[in-house]
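Presented below is the structure to which this report refers.
Protein chains in written order, with my numbering: chain A, 1 to 211; chain B, 212 to 453; chain C, 454 to 828.
Right under this line is the structure:
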């Protein structure tokens, strides 16, 4: 069953994302996609999703080059408008990334993005389904609840402000997987690939009850 | 991390099929494929037809099957060039299967990993028991040697396709996976020979096996998979309960 | 999409699972049957069989029954029973796995053989489970008898093991006779577990557990490998010349044999084949829906291969009868499956493959029907 009400969400793809697959899932829920073309569009749209898969540095090259970075900061920190970063689209919202050389991110969340292999006791990428433990109520998931979500990443959040952390996973060590500040969410996993729980998260983000 | 039960949908000129030793031998409609109880769906074009019209109907067939699903989707079959990946991305692919049986493909693998990230690439290697194989012949090259040769120049998972076991329902090739555990830290997905839950359990119990594929037309329907999952999730295995 | 191709010999189409049409345009069934005509060592094969049966016996083997025969009461399995008794002096135990919807013809024909002097065991599984599985498999797989295929195999194996009868007979190896996959050199002589799982059933029955069906419910269908390891399962047709018309003649000469009371069987020109289960009418109709060829084409193919029918005659029959909807059988089939006729037709149509069927001008049409040029 999907929400009968139609809504439009702005999408700014960073990296070689999965816009086609995100769009397909949004369409299932009667959500239309408007692709963000220029920085000012970021302030016109009520809800914004930043999906992305790929490299932090290339993503930031893109955002810096076309003038999106500053407007994103303004949207999230000053205007406090609802914004959802997914995977790489979430990672770029932190202060900096360490993929090779250090590179500045958009800087919504205090902290950095680091190679999981360097900080966790693992030698494989976090690729597959894993358990998410909610440590602070977020998007209608109560504190203490657990759900399964699909992950596909090598780099992880290192959040320096514990107040931003709403959920964690444990893969050779515990690390944050949902961050929230004002109305901005950084989600490490892929809600659009996490079946019903992911749909619920997306609908909650869009301010709609999940049916 | 959970172990994965993966639905492997083989499409032969857009008609869903089952193979035996990699030869399509039973064609069927795709209306009864239920993706709900899988962890991931893999779609492979087995037609060998590189023409664009065929690729487009392949994409349409995928869209039909995934119309109501929200799962990771992996697509492969005939990826010979980095541009082939772009086309599959428009079909909704999250990951791409690239055949890495032949060393000639190593360059394409490293290019794809560089451009799309290792997590987006799945290397697949075809074998017959301990030897590298194609549909038409079994070579003298050992699978373990090829895996050693590949090293870390591969996708985040290596999908091992047993041509020998393909279509037999008699069990996955576990002997090779045990050999590989000694020489490689890669994570493997097994395909070929899955017949019943005992085979599935035995494979998923191995530390270096992260997932198992089933491509039998009858296993892609609701009841079989949901029952396998419920049974395995209630035991010691890390399998998602849905 | 690949266009449906018809065998230049027997008309069987390339859509039949595991069918291969060679470069000359002939199917593997025709190739096999041609080679079969060259066989001259039937005496030798008969001796071979006698030796196999003798060497199979162990100290504790059943002293009364020499073999088990998977038996429906039809002309083929009855011919096997009569021949083994007459020519080899064997005493077979006939094992029947109950048809889903028994017919009068089936019951009469089985009784005739019992009157002649055979012992038989009838295994009837739970109707509650059988009906559920039949409906499930009709919907998911387009085949209401998947579980029956498992059951006939399990029944003979389990009875043979229980009675310590070390040899089991089936009529013929379908894959080689009619165009399919021959797993290995022994496959035309002996049935293996691989053959049962892959070609006969297409699945492992243990996978059928769900909210309604438990493992104990599947007992009649699960192939017990330990039991199987104590037996040899042989194809009669490897050791004796095989011809369905000769089978019919033999049976009719020995017992009262009832042909189809209706006259011609739905979907074909014959009145003497597969008469024991009303569900067969739907089974063969589904073959037509899924693969574009029905009972008539199949029966004609066999006659062509035996030199009893010309392609011209076959074409005419196929044109007239292939894919005929079994109207009068629908009521009992729907009653068994507990669905309406509308729902049945709905389910049936879901199984039409896009490379086999087109929906044109309000009706279903074969994309590549058999044409006169192909004769």
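Glycine included, each C-beta is placed from N, C-alpha and C at the ideal position.
Could you tell me which of the options sits nearest to residue i, measuring between CA atoms?
| i | options | result |
| --- | --- | --- |
| residue 572 of chain C | C:519, C:578, C:746 | C:519 |
| residue 801 of chain C | C:592, C:497, C:525 | C:592 |
| residue 243 of chain B | B:251, B:212, B:263, B:277 | B:277 |
| residue 223 of chain B | B:391, B:312, B:451, B:261 | B:261 |
| residue 256 of chain B | B:406, B:268, B:311, B:453 | B:268 |
| residue 308 of chain B | B:408, B:300, B:258, B:286 | B:286 |
| residue 127 of chain A | A:33, A:105, A:153, A:140 | A:153 |
| residue 631 of chain C | C:614, C:795, C:480 | C:480 |
| residue 415 of chain B | B:245, B:345, B:447 | B:447 |
| residue 394 of chain B | B:218, B:359, B:240 | B:359 |
| residue 529 of chain C | C:462, C:728, C:503, C:487 | C:728 |
| residue 21 of chain A | B:221, B:397, B:215, B:252 | B:252 |
| residue 579 of chain C | C:604, C:463, C:659 | C:604 |
| residue 517 of chain C | C:760, C:616, C:467, C:509 | C:616 |
| residue 254 of chain B | B:291, B:236, B:302, B:234 | B:302 |
| residue 806 of chain C | C:465, C:743, C:790 | C:743 |
| residue 725 of chain C | C:511, C:699, C:745 | C:699 |
To the nearest angstrom, report how far apart residue i and residue j are at their CA atoms.
| i | j | result |
| --- | --- | --- |
| residue 779 of chain C | residue 336 of chain B | 48 Å |
| residue 10 of chain A | residue 424 of chain B | 36 Å |
| residue 103 of chain A | residue 55 of chain A | 11 Å |
| residue 340 of chain B | residue 389 of chain B | 12 Å |
| residue 560 of chain C | residue 385 of chain B | 49 Å |
| residue 169 of chain B | residue 27 of chain A | Residue coverage of chain B in this structure runs from 212 to 453, which leaves residue 169 of chain B outside it and unanswerable. |
| residue 590 of chain C | residue 162 of chain A | 54 Å |
| residue 469 of chain C | residue 527 of chain C | 24 Å |
| residue 775 of chain C | residue 460 of chain C | 16 Å |
| residue 787 of chain C | residue 736 of chain C | 13 Å |
| residue 212 of chain B | residue 449 of chain B | 7 Å |
| residue 586 of chain C | residue 373 of chain B | 31 Å |
| residue 381 of chain B | residue 363 of chain B | 32 Å |
| residue 324 of chain B | residue 15 of chain A | 13 Å |
| residue 66 of chain A | residue 75 of chain A | 16 Å |
| residue 832 of chain C | residue 342 of chain B | Because chain C spans 454 through 828 in this model, residue 832 of chain C falls outside it and cannot be assessed. |
| residue 167 of chain A | residue 458 of chain C | 59 Å |
| residue 207 of chain A | residue 150 of chain A | 23 Å |
| residue 710 of chain C | residue 556 of chain C | 13 Å |
| residue 334 of chain B | residue 106 of chain A | 34 Å |
| residue 554 of chain C | residue 601 of chain C | 11 Å |
| residue 789 of chain C | residue 756 of chain C | 33 Å |
Any idea if residue i is buried or exposed, counting beta-carbon neighbours within 10 angstroms, 16 or more meaning buried?
| i | result |
| --- | --- |
| residue 348 of chain B | exposed |
| residue 665 of chain C | exposed |
| residue 657 of chain C | buried |
| residue 79 of chain A | exposed |
| residue 124 of chain A | buried |
| residue 30 of chain A | exposed |
| residue 597 of chain C | buried |
| residue 762 of chain C | buried |
| residue 306 of chain B | buried |
| residue 101 of chain A | exposed |
| residue 344 of chain B | buried |
| residue 488 of chain C | exposed |
| residue 548 of chain C | buried |
query: Between the stretch 50-63 of chain A and chain B, which residues of the former have CB atoms less than 9 Å from a CB of the latter, in chain order?
result: 53, 54, 55
task: Report the residues of the stretch 785-813 of chain C with a CB closer than 8 Å to any CB of chain B, ordered along the chain.
output: 803, 804, 805, 806, 807, 808
Residues within the stretch 276-294 of chain B neighbouring chain A, beta-carbon criterion of under 9 Å: 277, 278, 279, 280, 281, 282, 283, 284
- prompt: At what residue ranges does the stretch 96-129 of chain A contain a whole run of the alpha helix (DSSP H), taking only runs of 4 or more?
  reply: 116-119
task: Compile a chain-ordered list of the residues in the stretch 9-28 of chain A whose CB is closer than 7 Å to at least one CB of chain B.
output: 16, 18, 20, 21, 24, 25, 28
- request: Residues of the stretch 109-132 of chain A with a CB closer than 9 Å to any CB of chain B: list them in chain order, please.
  value: 123, 124, 125, 126, 127, 128, 129, 130, 131
field: Every unbroken alpha helix (DSSP H) within the stretch 355-393 of chain B, with a cutoff of 4 residues, ordered by chain
entry: none
- request: Can you give me, in chain order, the residues of the stretch 630-664 of chain C that have a beta carbon less than 7 Å from any beta carbon in chain B?
  value: 634, 647, 650, 651, 655, 656, 657, 659, 660, 662, 663
Segments of 4+ residues assigned as alpha helix (DSSP H) that fall wholly inside the stretch 527-561 of chain C: 528-541
query: Listed in chain order, which residues of the stretch 359-378 of chain B have Cβ atoms closer than 8 Å to some Cβ of chain A?
result: 367, 368
- prompt: In chain order, which continuous runs of the alpha helix (DSSP H) of length 4 or greater are located wholly inside the stretch 606-667 of chain C?
  reply: 627-631
Selection of the stretch 167-195 of chain A by Cβ proximity to chain B, strictly under 8 Å: 171, 190, 192, 193, 194, 195
- prompt: Which parts of the stretch 235-322 of chain B are runs of the alpha helix (DSSP H), unbroken and 4 residues or longer, counting only runs that do not cross its ends?
  reply: 263-277, 293-301
message: Taking beta-carbon pairs under 8 Å, can you tell me which members of the stretch 67-89 of chain A lie near chain B?
response: none
message: Please list, in chain order, the residues of the stretch 572-598 of chain C that have any C-beta partner in chain B closer than 9 Å.
response: 589, 590, 592, 593, 594, 595
field: beta strand (DSSP E) runs wholly inside the stretch 664-702 of chain C, at least 3 long, in chain order
entry: 685-688
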